[in-house]
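Letter 29 of the sequence shown, counting from 1, is numbered 29 in the working numbering, and no numbers are missing.
For each residue, glycine too, the CB sits at the ideal point set by N, CA and C.
Since we're looking at a predicted model, the values are computed, not measured.
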Amino acid sequence: MPMPTPPSCPACPDSRPLWKDVTQITERMPDNWFWYCANCERFWRPSAEHKEVFTHGPPGGSSGSVRRDPRVPRD
Ligand SMILES: [Zn+2]
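Below, the structure is given as structure tokens:
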């Protein structure tokens, strides 16, 4: 499954893709992560859509059966 492309930094003119900082993720809070820009060293709060896609993977699937277990980390 290809990972969706991270968003680019809204503050940097060259629009680099953001890093996903997962250091704050806990077992009870699997979506407690942030976007991080290595260029301006700022953290950005992901949107609800980003949280959905980048925490659990892109919605849908060719087989029709979508497995979503928030307890299982995916990279
Ligand atoms: Zn930036």
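Residues in its own chain within less than 6 angstroms of PHE43 by CB, not counting five upstream and five downstream? If we look at PHE43 and ignore the five residues flanking it on each side, its Cβ neighbours are PHE34 and TYR36.
State yes or no: is the beta carbon of PRO7 nearer than 7 angstroms to at least one beta carbon in chain B? This model lacks chain B altogether; it includes just one protein chain.
Opening and closing residue of the beta strand (DSSP E) in which ARG42 lies: 42-44 is the span of the beta strand (DSSP E), which, as asked, contains ARG42.
Within the same chain, show all residues whose beta-carbon is closer than 8 angstroms to that of TRP19, passing over the 5 residues directly before and after it, in chain order. Taking C-beta separations shorter than 8 angstroms and ignoring five residues to either side along the sequence, the partners of TRP19 in its chain run PRO6, TRP35, TYR36, CYS37 and ALA38, following chain order.
Roughly how many angstroms separate the alpha carbons of PRO10 and THR55, rounded to a whole number? Spanning the two alpha carbons is a distance of roughly 21 angstroms.
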